[in-house]
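Okay, so here's the structure we're looking at.
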Amino acid sequence: MKRRPLKKVGEILIERGVITLEQLAKGLEEQKRVSASLGASLIRLGYVDYKTLEKVLGDELEKLEYKKLGEMLLENKVISTLQLAEALSIQKKEEKNKHIGEILIERKYLTSQQLFDVLSLQFDVKSVELDNFLFKEEALNLLPYELMCELKVIPLQKTPTHVLIATADPFNFNLMKQVERVLKMAVEPVFAKSESISLSLQKRFSVTIGGEASPSLRDIARQSGSGEKKDDLRNLVHMIIEQAITENASFVHIEPSGSGYSIRFRIDGKLHVESPVQGQLADDLVDHLKETANLSTANRRTMQTGHFLFPIGGRSIACKLTSIPVLTGFETFREKLVVKVLQQTGMLQRLDDVGFYIAVLEKYQTLLKTRQGVVLVVGPADCGITTTLYASLRHINDTGQHIATIEKTIDCFIEGVTQTQIDQVRGLGFKEMLKSTLIEDADAVMIGRVDDAEIARLALQIAMSGRMILAGMACSDATSVYAMLKEKGVENYLLSAGISGILGQRLVRKICGQCRESFTPPSELIDGLGLRHNTAFFRGRGCPACNFSGFKGRIGLFELFIPDETLKHSIATGLSAEEIRRIAVHNGMNTLRMDGLKKALEGITTIEQVLGTTPKDSDLPF
744 MKRRPLKKVG EILIERGVIT LEQLAKGLEE QKRVSASLGA SLIRLGYVDY KTLEKVLGDE
804 LEKLEYKKLG EMLLENKVIS TLQLAEALSI QKKEEKNKHI GEILIERKYL TSQQLFDVLS
864 LQFDVKSVEL DNFLFKEEAL NLLPYELMCE LKVIPLQKTP THVLIATADP FNFNLMKQVE
924 RVLKMAVEPV FAKSESISLS LQKRFSVTIG GEASPSLRDI ARQSGSGEKK DDLRNLVHMI
984 IEQAITENAS FVHIEPSGSG YSIRFRIDGK LHVESPVQGQ LADDLVDHLK ETANLSTANR
1044 RTMQTGHFLF PIGGRSIACK LTSIPVLTGF ETFREKLVVK VLQQTGMLQR LDDVGFYIAV
1104 LEKYQTLLKT RQGVVLVVGP ADCGITTTLY ASLRHINDTG QHIATIEKTI DCFIEGVTQT
1164 QIDQVRGLGF KEMLKSTLIE DADAVMIGRV DDAEIARLAL QIAMSGRMIL AGMACSDATS
1224 VYAMLKEKGV ENYLLSAGIS GILGQRLVRK ICGQCRESFT PPSELIDGLG LRHNTAFFRG
1284 RGCPACNFSG FKGRIGLFEL FIPDETLKHS IATGLSAEEI RRIAVHNGMN TLRMDGLKKA
1344 LEGITTIEQV LGTTPKDSDL PF
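First residue of the sequence shown? That's 744 in the numbering used here, and the numbers climb one at a time after it.
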C-alpha cells in the first residue's frame, strides 16, 4: 500500500505541546529497543499518559475522518469515487453519527482490514495474522480465558517491559487500560481481525464435538488421577495433531518428563515447547496413539513404526508414528513417541519454488532431462533432500515413461508414479527392490537413500544400462561423494561412468519479510568474508507475523556439480575429492557457501544461518 506523507504520532504530539523534541528522540530510541509503537514507548517513559494520548489521537482521527480518510482510500485504490460519494451522501442525510469507514464497511465497499491498513499508516500500529500463529503458553496463561473472550484480546508475547496484545480495536485506549490493570504491566496493542481472534480462542482453548464444548487442550493436559473420559483422550490427540498441522510442524515429539510427557513441535527446523501432559492421561495418550497406528501397546522394549491418517478440513493427512524405548531411571523403561507429519502442503513442490537461482535451476532441469545416469541429491539430515527428490519426480513425470520409487517411508503419493516401500521382514530391501525395477521396465527410479556400497554399486550399474537413477545420500557436499563411495569400496570406473551429476544442499531459515532490517556486521566478520566495510546484511527484529523469532519459513542453498568428459576421465584415474572440488569451482560451480552468501546479501536469510550450515571453502576467504 502506498504511504501518504501524513503527520506521525510524534509530529502531532509536538504540535500540541504534549512532548518536546528531546522526549521524542528518547521515545524513538525506546521504540527501536523494545520493538513497540511510539505511543506505547512514550507512555512507558512517562512522557505522556493514556488519557492525553487518547484525546490527541482521537482528535486527529476525527480530522482524518472528515478531511483525509476518503482521499487516502481513493489514492490507494481501495474504493472508487462513486462509492465514496455515495457514503458521504448517506452520512450527510441519514447517518450523521457514523464514520465514513463504518458506512463503507456496511455497504461492503471496504473491509475492516483495508480500513485498518490505511489507518495504521498514520498511527504506526502493527497487525498480525493469527491463522498460523504459534501461541506461547507463557503468554496465554497471563489472562483468564473468560476475560479474553469478553474483551476479544489474546496475549501474544511477554517481554521484560510490556505484553503484546492482539485486539480488533487497537485505538481503544480504555480497553488497553483495562488489560493493563489485570496484567499489572504495560501493554502494546497489535491489530488482528475480530473473527480471527474468536476462532483462535475457540481452536486453542476448546473444541466443539457434537454441539457441546469439550475441555480445552490446556485443561485436559493438566488432568491427573482417575476418571478421565475416553472423549477427553480422543480430544487431546485430535488437538495435538490438528495444532501441529495448522502450525506447519514437520514433527511432534512426545517425550517422558517427570510423571508426564512434554510435547514439542518442530517448526522451520526448531523445536517449540507446548503444554505438558500429566497423570494417568499421559500414559493413556501413548497407548491411544500406538493403537491408532496399529502398534503393539504390550511391547514397550523395542522400537516400532506405524502410520495413520488424520482427517482435517475435508482431507486426510498421512502421519508416521515411531515409538522408541528410553531409560528414565535404573531399569525403568518408558516410551518416546515421534509423529512425522508426512503430507503437508509443502511436500510436493515445484523445483522453481525451493530456492534455486535460475542459472542453477536450468542446469539441474537439463540434467534431469538426460534420463540416464545417477543423479544424487546430498546433504545432512533435515536439509530438504526428500522435498527436492519429490520435486524432481514431479518435473520428469509424464505418461511417456515408467517412473518407480523405492522408499523407506512413502512421504507423499504422486499420481502416475509406481511407489514402493521397503519391508525387511519380508526380504524386500533396497537391493531386492532395485533389481526388480529391471523386470518391471522402469525408465527412471528414485531411491530414497543410498546407505551402503552394495546399493551404490548396483544403482551405478543399472544407470549405465541406460536408465536414470535419482537418489538421496548423506554427504557433506557434492564433490565429497566420490571420496565417501571410494572409501566404501566402489570402483573409480563406476563413479566416473555412472554419476551424471550431484546436487548438494542445505536448508536455512528465511528472514521474516514483515520485520526485516539492514545492519552492518562487525568489521572482523566483514574482513573474514573478504567484503567491503560498508557491506550491509539483514536480520529480522521479531514481530507478530513471525512469532517474534525474526524468521519465517525455510529455503534451500544449493551447489550443482556436473562433471564434463575431461573430469570424468580424471575421476576414473583416481582424482582426489579435494582436486575435484578445486576444478569444479574453477570451472564455475557456485558452492553452498557462495549460494548462501548471495542469499544473505539479498536479505533472504542471515549471514549467521549461512555460516552455521555450510562447509567452509578452503580456497576462499569465507
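C-beta: ideal position from N, C-alpha, C; glycine also.
**Request:** Excluding the 5 residues preceding and the 5 following residue 917 in the sequence, name in chain order all residues of the same chain whose CB lies nearer than 7 Å to its CB.
**Result:** Counted from its first residue, the sequence shown places residue 917 at position 174. There are no such residues.
**Request:** Spell out the partners DSSP gives residue 1348 in its beta bridges.
**Result:** As a position in the sequence shown, residue 1348 is number 605, starting the count at 1. As far as DSSP is concerned, residue 1348 takes part in no beta bridge.
**Prompt:** Can you name, in chain order, every residue of its own chain whose Cβ lies under 8 Å from the Cβ of residue 1109, other than the five neighbours on each side?
**Reply:** Here the question's residue 1109 lines up with position 366 in the sequence shown. Counting only Cβ-Cβ distances below 8 Å, and skipping sequence neighbours, we find nothing.
**Asked** If you draw a straight line from the C-alpha of residue 756 to the C-alpha of residue 795, how long is it?
**Response** Numbered from its first residue, the sequence shown carries residue 756 at position 13. Numbered from its first residue, the sequence shown carries residue 795 at position 52. Between residue 756 and residue 795, the C-alpha separation is close to 10 Å.
**Message:** For residue 1141, count the other beta carbons within 10 Å of its own beta carbon; 16 or more makes it buried, fewer makes it exposed. Which is it?
**Reply:** Along the sequence shown, one-based indexing puts residue 1141 at 398. It counts as exposed.
**Message:** Using only the alpha-carbon positions, how far apart do residue 1186 and residue 1213 sit?
**Reply:** Walking along the sequence shown from the start, residue 1186 turns up at place 443. Walking along the sequence shown from the start, residue 1213 turns up at place 470. Taking the CA atoms as reference points, residue 1186 sits about 11 Å from residue 1213.
**Request:** Apply the 10 Å Cβ neighbour rule to residue 1202 and answer buried if 16 or more other Cβ atoms are within range, or exposed otherwise.
**Result:** Position 459 of the sequence shown, counted from the start, is the residue given in the question as residue 1202. It counts as buried.
**Request:** Have a look at residue 1281 and residue 1063 and give me their C-alpha separation to the nearest angstrom.
**Result:** Translated into positions along the sequence shown, residue 1281 becomes position 538. Translated into positions along the sequence shown, residue 1063 becomes position 320. Looking at the two C-alpha atoms, the distance is approximately 37 Å.
**Message:** Whether or not the region 1134-1150 and the region 1188-1195 are in contact is what I'm after, with contact meaning three or more pairs of Cβ atoms, one per stretch, closer than 8 Å; do they touch?
**Reply:** The region 1188-1195 is in contact with the region 1134-1150.
**Message:** Here's the rule I'm using: 16 or more other beta-carbon atoms within 10 Å means buried, otherwise exposed. How should residue 1332 be labelled?
**Reply:** Locating residue 1332 in the sequence shown gives position 589, counting from the first residue. It is buried - the Cβ of residue 1332 has at least 16 other Cβ atoms within 10 Å.
**Message:** With distance defined between alpha-carbon atoms, name the residue in 1301, 987, 1240, 1053 nearest to residue 1099.
**Reply:** To locate residue 1099, count along the sequence shown from 1; it is residue 356. When C-alpha distances from residue 1099 are compared across 1301, 987, 1240, 1053, the shortest belongs to 1301.
**Request:** Kindly give me the distance between the Cβ atoms of residue 909 and residue 937, rounded to whole angstroms, as I take these residues to be in contact under 8 Å.
**Result:** In the sequence shown, residue 909 corresponds to position 166, counting from 1. In the sequence shown, residue 937 corresponds to position 194, counting from 1. No, residue 909 and residue 937 are not in contact; Cβ-Cβ is about 10 Å, not under 8 Å.
**Asked** In its own chain, which residues sit with a C-beta less than 8 Å from the C-beta of residue 1391, not counting the 5 before and 5 after it?
**Response** Outside the displayed span of the chain (744 to 1365) sits residue 1391, for which this structure offers no information.
**Request:** Specify the secondary structure class of residue 889 as computed by DSSP and reduced to three states.
**Result:** Translated into the one-based positions of the sequence shown, residue 889 becomes position 146. It is helical.
**Message:** Just to confirm before moving on: does the CB-CB distance between residue 856 and residue 843 stay below 8 Å?
**Reply:** Translated into positions along the sequence shown, residue 856 becomes position 113. Translated into positions along the sequence shown, residue 843 becomes position 100. The answer is no: Cβ separation not under 8 Å.
**Prompt:** What runs of the beta strand (DSSP E), each 3 residues or longer, lie entirely inside the region 1102-1129?
**Reply:** 1116-1122
**Message:** Can you tell me whether residue 1297 is buried or exposed? The criterion is at least 16 other CB atoms within 10 Å of its CB, across all chains shown.
**Reply:** Reading the sequence shown from its first residue, position 554 is the one you call residue 1297. Classification of residue 1297: buried, given that the 10 Å Cβ count is 16 or more.
**Request:** Report, in whole angstroms, the separation of the C-beta atoms of residue 1262 and residue 1279, which I expect to be a contact under 8 Å.
**Result:** As a position in the sequence shown, residue 1262 is number 519, starting the count at 1. As a position in the sequence shown, residue 1279 is number 536, starting the count at 1. That belief holds up - the Cβ atoms of residue 1262 and residue 1279 are roughly 7 Å apart, short of 8 Å.
**Prompt:** Between residue 1184 and the rest of its own chain, which residues show a CB-CB distance below 7 Å, the 5 nearest in sequence each way excluded?
**Reply:** Residue 1184 sits at position 441 when you count from the first residue of the sequence shown. Closer than 7 Å at Cβ, skipping near neighbours: 1145.
**Message:** Residues in the same chain with beta-carbon distance under 6 Å from residue 784, minus the five sequence neighbours each way, listed in chain order, please.
**Reply:** Numbered from 1 along the sequence shown, position 41 holds the residue referred to as residue 784. Excluding positions up to five away in sequence, the list reads 770, 773, 774.
**Prompt:** So is residue 934 buried or exposed if we call it buried at 16+ other beta carbons inside 10 Å?
**Reply:** Here residue 934 refers to the residue found at position 191 when the sequence shown is read from its first residue. With 16 or more other Cβ atoms within 10 Å, it is buried.
**residue 1011 classed as buried or exposed, judged by whether at least 16 other C-beta atoms fall within 10 angstroms** = Within the sequence shown, the letter at position 268 stands for residue 1011. Buried is the call here.
**Prompt:** In the structure shown, what three-state DSSP assignment does residue 790 receive?
**Reply:** Here residue 790 is taken as the residue at index 47 of the sequence shown, counted from 1. DSSP places residue 790 in coil when its eight states are reduced to three.
**Asked** Looking at C-alpha atoms only, which residue of 1106, 1169, 1310, 982 is the closest neighbour of residue 1236?
**Response** For this step, residue 1236 is matched to residue 493 along the sequence shown. Of the listed residues, the one whose Cα sits closest to residue 1236 is 1310.
**Asked** Expressed to the nearest angstrom, what Euclidean distance is found between the alpha-carbon atoms of residue 1368 and residue 1197?
**Response** Here the chain covers residues 744 to 1365 and nothing more, so residue 1368 does not appear.
**Request:** Please report the residue range of the beta strand (DSSP E) in which residue 1063 lies.
**Result:** As a first step, residue 1063 must be located in the sequence shown, where it is residue number 320. Here the beta strand (DSSP E) through residue 1063 covers 1058-1072.
**Asked** Smallest Cα separation from residue 1158: which of 1176, 787, 1136?
**Response** Within the sequence shown, numbered from 1, the residue matching residue 1158 stands at position 415. That would be 1136, whose Cα lies nearest to the Cα of residue 1158.
**Message:** Any beta carbon of chain B sitting closer than 8 Å to that of residue 1167?
**Reply:** Protein chains in the displayed structure number just one, and chain B is not present.
**Close Cβ partners of residue 1015 (< 7 Å) along its chain, the five nearest in sequence each way excluded** = The sequence position of residue 1015 within the sequence shown is 272, counting from 1. These residues qualify, in order along the chain: 877, 1007, 1008.
**Request:** Measure from the alpha carbon of residue 994 to the alpha carbon of each residue in 1315, 986, 851, then state which is nearest.
**Result:** For the purposes of this step, residue 994 is taken as the residue at position 251 of the sequence shown. Closest option to residue 994, Cα to Cα, is 986.
**Request:** Just confirm the distance between the C-beta atoms of residue 691 and residue 822, as a whole number of angstroms; I'd bet it's less than 8 Å.
**Result:** It is not possible to answer for residue 691, since the shown part of the chain is limited to 744 through 1365.
**Asked** How many angstroms separate the CA atom of residue 808 from the CA atom of residue 892?
**Response** Along the sequence shown, one-based indexing puts residue 808 at 65. Along the sequence shown, one-based indexing puts residue 892 at 149. Residue placement at residue 808 is flagged as unreliable, the pLDDT there being 47, under the threshold of 50; the coordinate-derived value follows with that caveat. Roughly 30 Å between the two C-alpha positions.
**Request:** Output the distance between the C-alpha atoms of residue 763 and residue 788, rounded to the nearest integer angstrom.
**Result:** Numbered from its first residue, the sequence shown carries residue 763 at position 20. Numbered from its first residue, the sequence shown carries residue 788 at position 45. Their Cα atoms are separated by approximately 13 Å.
**Message:** Within a Cβ cutoff of 6 Å, which residues of the same chain sit near residue 1354, ignoring the five residues on either side of it in sequence?
**Reply:** The count along the sequence shown starts at 1 and reaches residue 1354 at position 611. The answer is none, since no qualifying residue turns up.
**Request:** With residue 1239 as the anchor, note down where its alpha helix (DSSP H) starts and where it stops.
**Result:** Walking along the sequence shown from the start, residue 1239 turns up at place 496. Per DSSP, residue 1239 belongs to the alpha helix (DSSP H) from 1235-1241.
**Prompt:** Which one of 765, 786, 776, 800 has the shortest CA to CA distance from residue 759?
**Reply:** In the sequence shown, the residue the question calls residue 759 occupies position 16. Measuring from the Cα of residue 759, the nearest candidate turns out to be 800.
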